[in-house]
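Residues in the sequence shown are numbered from 1 upward in steps of one, following full-length UniProt numbering. From the three backbone atoms N, C-alpha and C, an ideal C-beta is built for every residue, glycine too. Scroll down for the structure; my scribbles are underneath it.
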Amino acid sequence: MLRVGEQVRAAITQVLQRGEVRDPLIEKTVISISEVRMSPDLKIATAYVTPLGVADHAAIIDALNKHAKFIRGRLGPQLRQMKYMPDVRFRDDTSFDNYQKIDALLRSPEVSRDLDQDSEDEE
């Protein structure tokens with residue numbers, strides 16, 4: 001599933017880079033696809049995307065989902081070894097927000113104080 005997910009991610013990235021999707025919102029936005037998760041039967045591909053430099057992620061995600069069937073059709077030549085062409089779904093990737101929250105917590109004075117106490121106890 002991981003290997004197929006990575007192949008689908010690369011294929012979607014190529015379709016978006018070539019500008020094959022004719023939507024002004026998608027064409028003028030840089031879109032990062034961080035991960036594609038495949039269903040166990042490999043029939044559904046959920047792509048986690050992050051539109052860079054855009055405050056309203058929902059509009060980009062909606063536009064991508066609106067063109068999902070077209071994108072699926074363009075994946076065919078690159079994924080011809082697959083028995084079934086997966087349905088593509090786009091979701092907003094919130095993992096970067098989670099990383100920022102964890103980083104802010106680790107840098108907070110309370111946590112750094114606790115970490116300093118732990119290192120002193122070990123000595």
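Coarse secondary structure for residue i, derived from DSSP in three states
| i | result |
| --- | --- |
| A68 | helix |
| Y99 | helix |
| A59 | helix |
| R18 | coil |
| D93 | coil |
| D114 | helix |
| Q81 | coil |
Contact under 9 Å by Cβ, residue i with residue j
| i | j | result |
| --- | --- | --- |
| R9 | E35 | yes |
| S32 | D93 | yes |
| Q14 | Q78 | yes |
| S39 | T46 | yes |
C-alpha gap between residue i and residue j, whole angstroms
| i | j | result |
| --- | --- | --- |
| F96 | R89 | 19 Å |
| H57 | E6 | 23 Å |
| R91 | T50 | 9 Å |
| R72 | M85 | 7 Å |
| Q81 | I60 | 30 Å |
| A55 | L25 | 13 Å |
| A68 | D87 | 8 Å |
Bridge partner(s) assigned by DSSP for residue i
| i | result |
| --- | --- |
| T50 | S32 |
| F41 | Strictly speaking, residue 41 in this sequence is Asp, with Phe absent from that position. DSSP, once it has assigned bridges, lists no residue as partnering D41. |
| D87 | I44 |
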